[in-house]
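Enquirer: Got a structure for you, questions after.
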Amino acid sequence: MYMNILIKNFNTDHLNILMILVSFCIASVAPLELLLLSYAFLGPAHYLTEISWLHDKQYFTNHAYDYTVLYILTLLLFLLPSFSMILLISAVCYSCISIIYSIRNHWWGKVFILTIYTIVILCFHHLPIINTFLLFLPTLIHVFCFTLLFMLAGTLKNPSTAGFCSVILLLLCPLGFFMLDHMSINLPYYNSVYAQDNIHNLSNIIKPFTDIIIDNHIMHDTNYVIRFIAFAYFYHYLNWFGKTKVIKWHKISLKRKIIITVIYITSIMVYYYNYRLGFAILLYLSFLHVILELPLNFLTLRRIIGIITPHFRRY
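Position 246 of the sequence shown, counted from 1, bears residue number 313 in the numbering used here, the numbering being contiguous throughout.
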């Protein structure tokens with residue numbers, strides 16, 4: 068009887084709490100394995116299914132081909148790495164103005180405002196807050212902060228005790244990892260030959276957080292960073308796949324399912340052959356889904372502000 072009641076009342080918020088706890092426990096015990104496997108197996112599936120879902124939603128932009136600008140900017144990021152700063156700033160600004168300004172109805176208006184925004188931010192790009200935001204956008208901000216925003220937006224829209232608990236629990240997890248690191252729990256794991264060998268596969272992900280490789284030895288201070296990144300990525304993927312009933316991203320045509328499956332299997336084979344090669348090849352797809360999600364991120368932020376501050380609902 069009690070089991071039936073429990074199953075009946077089990078919803079997405081309860082699932083989020085369960086996934087947060089599972090992610091925290093695994094990341095505490097085996098963070099490197101968790102990050103390596105989740106990035107290789109769950110990552111490509113997440114990129115492909117989210118881009119597919121965003122495409123059906125017109126990328127939450129206002130006109131049919133607004134998203135092409137984001138595709139082009141992401142491609143240029145890889146073709147012209149020396150201009151990565153201005154291109155990334157342009158992508159962020161374009162996504163922001165696509166959501167905020169009414170002048171978006173005219174393409175020349177977008178170009179004008181985008182140019183002004185880019186010039187202004189470039190003048191101040193040396194400020195720590197700007198550099199920090201751009202540095203962490205593809206990693207911490209995307210997988211943790213924006214995931215937290217989506218959860219908060221859903222909870223504010225449909226308030227529930229479980230919903231608020233899941234948001235608070237997610238916020239407390241970084242503190243939990245800090246406590247584990249302070250108590251030096253699992254320290255032999257990080258000093259093992261296995262950990263030192265495999266940490267190189269993740270250097271591109273972890274490097275923005277700290278320089279973790281010095282003379283081929285892992286710094287003790289990075290134990291917290293490794294745990295937190297593993298947790299953030301794994302839960303980010305689980306959170307997406309747990310939204311099946313909410314946003315119905317899985318309802319796509321058979322043709323698209325076949326295309327996604329073929330690309331996914333191919334990516335797994337490449338990762339199996341050479342992890343670094345797979346990481347390099349899938350890096351564009353990873354970055355693309357981050358950039359394409361930006362309009363939705365700004366839209367979610369605007370909705371949260373609108374709910375918290377009624378004054379913003381007019382706009």
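For each residue, glycine too, the CB sits at the ideal point set by N, CA and C.
Fair warning: this is a prediction, and the values are worked out from it, not measured in the lab.
1) Note the first and the last residue of the continuous alpha helix (DSSP H) segment covering residue 312.
2) Okay, do the segment 107-115 and the segment 346-359 touch, 3+ Cβ pairs below 8 Å being the bar?
3) What number of angstroms, rounded off, separates the C-alpha of residue 329 from the C-alpha of residue 322?
4) At what residues does the alpha helix (DSSP H) containing residue 357 begin and finish?
5) Go ahead and label residue 343 buried or exposed: buried means 16 or more other beta carbons lie within 10 angstroms of its beta carbon, across all protein chains shown.
6) For residue 330, which of helix, strand or coil comes out of DSSP?
7) Note down, in chain order, each residue of its chain lying with its Cβ closer than 7 Å to the Cβ of residue 222, except the 5 sequence neighbours on either side.
8) Could you check if residue 290 is buried or exposed, using at least 16 other CB atoms within 10 Å of its CB as the buried criterion?
9) Here's the rule I'm using: 16 or more other beta-carbon atoms within 10 Å means buried, otherwise exposed. How should residue 282 be labelled?
10) I need the boundaries of the alpha helix (DSSP H) containing residue 80, first residue and last residue.
11) Identify, in the order they occur along the chain, each residue of the same chain with its Cβ nearer than 6 Å to the Cβ of residue 143, setting aside the five sequence neighbours on each side.
12) Tell me the DSSP secondary structure of residue 335 in three-state form.
13) Tell me whether the segment 83-99 and the segment 297-308 touch, counting them as touching only if at least three CB pairs, one residue from each stretch, are closer than 8 Å.
14) Does residue 226 come out as helix, strand or coil in the three-state DSSP assignment?
15) Mark residue 145 as exposed unless 16 or more other C-beta atoms lie within 10 angstroms of its C-beta, in which case mark it buried.
16) Rounded to whole angstroms, what's the CA-CA distance from residue 292 to residue 102? Just pull it up for me.
17) If you measure between the beta carbons of residue 86 and residue 361, is that distance less than 8 Å?
18) Whose CA, out of 310, 216, 100, lies closest to the CA of residue 294?
19) Does residue 129 come out as helix, strand or coil in the three-state DSSP assignment?
20) Do you know offhand how far residue 341's Cα is from residue 367's?
21) Can you give the Cα-Cα distance for residue 311 and residue 219, rounded to whole angstroms?
22) What residue from 84, 124, 105 has the CA that sits closest to residue 314's CA?
23) Is DSSP giving residue 320 helix, strand or coil here?
24) To the nearest angstrom, report how far apart residue 297 and residue 365 are at their CA atoms.
25) Sorted by chain position, which residues of the same chain lie with C-beta nearer than 7 Å to residue 370's C-beta, five sequence neighbours on each side aside?
26) Skipping 5 residues on each side, what residues in its chain have a beta carbon closer than 8 Å to that of residue 105?
27) In chain order, what residues of the same chain have a beta carbon less than 7 Å from the beta carbon of residue 351, not counting five sequence neighbours either side?
28) Measure the alpha-carbon distance for residue 136 versus residue 129 and round it to whole angstroms.
29) In whole angstroms, give me the CA-to-CA distance for residue 139 and residue 79.
Expert: Answer, in terms of the structure:
1) Counting along the chain, the alpha helix (DSSP H) containing residue 312 begins and ends at 311-314.
2) Here the segment 107-115 lies against the segment 346-359, with 3 or more beta-carbon pairs under 8 Å apart.
3) Answer to the nearest angstrom: the Cα atoms are 11 Å apart.
4) Where residue 357 is concerned, the enclosing alpha helix (DSSP H) stretches over 342-359.
5) Counting the other CB atoms within 10 Å of its CB gives residue 343 a total below 16, which places it among the exposed residues.
6) Correct three-state label for residue 330: helix.
7) Taken in chain order, the residues that qualify are 230, 231, 234.
8) Counting C-beta atoms within 10 angstroms of its own C-beta, residue 290 has 16 or more neighbours from the protein chains shown and is therefore classed as buried.
9) With a pLDDT of only 40 at residue 282, under the threshold of 50, the placement of this residue in the model should not be trusted, and no figure is reported.
10) Taken as a continuous stretch (DSSP letters only), the alpha helix (DSSP H) holding residue 80 covers 79-96.
11) Counting only residues of its own chain and dropping the five nearest sequence neighbours on each side, residue 143 has a CB closer than 6 Å to the CB of 154.
12) In this structure, residue 335 counts as helix in the three-state DSSP scheme.
13) Judged by Cβ distances under 8 Å, the segment 83-99 makes contact with the segment 297-308, as three or more pairs qualify.
14) Three-state DSSP puts residue 226 in coil, outside helix and strand.
15) Classification of residue 145: exposed, given that the 10 Å Cβ count is below 16.
16) Rounded to the nearest angstrom, the two C-alpha atoms are 12 Å apart.
17) The beta carbons of residue 86 and residue 361 sit no closer together than 8 Å.
18) Closest by alpha carbon: 100.
19) In this structure, residue 129 counts as coil in the three-state DSSP scheme.
20) Taking the straight line from one Cα to the other gives about 37 Å.
21) Their Cα atoms are separated by approximately 18 Å.
22) Measuring from the Cα of residue 314, the nearest candidate turns out to be 124.
23) Annotated three-state conformation of residue 320 is coil, per DSSP.
24) Distance between residue 297 and residue 365, taken at the CA atoms: about 25 Å.
25) Closer than 7 Å at the Cβ level, and outside the excluded window around residue 370, lie 220.
26) Annotation for residue 105: 297, 300, 301, 304 place their beta carbon closer than 8 Å to its own, counting only its chain and skipping 5 residues before and after.
27) Sequence-distant Cβ neighbours of residue 351 in its own chain, meaning closer than 7 Å and more than five residues away, are 145.
28) Going by the C-alpha atoms only, they are around 13 Å apart.
29) Their Cα atoms are separated by approximately 36 Å.
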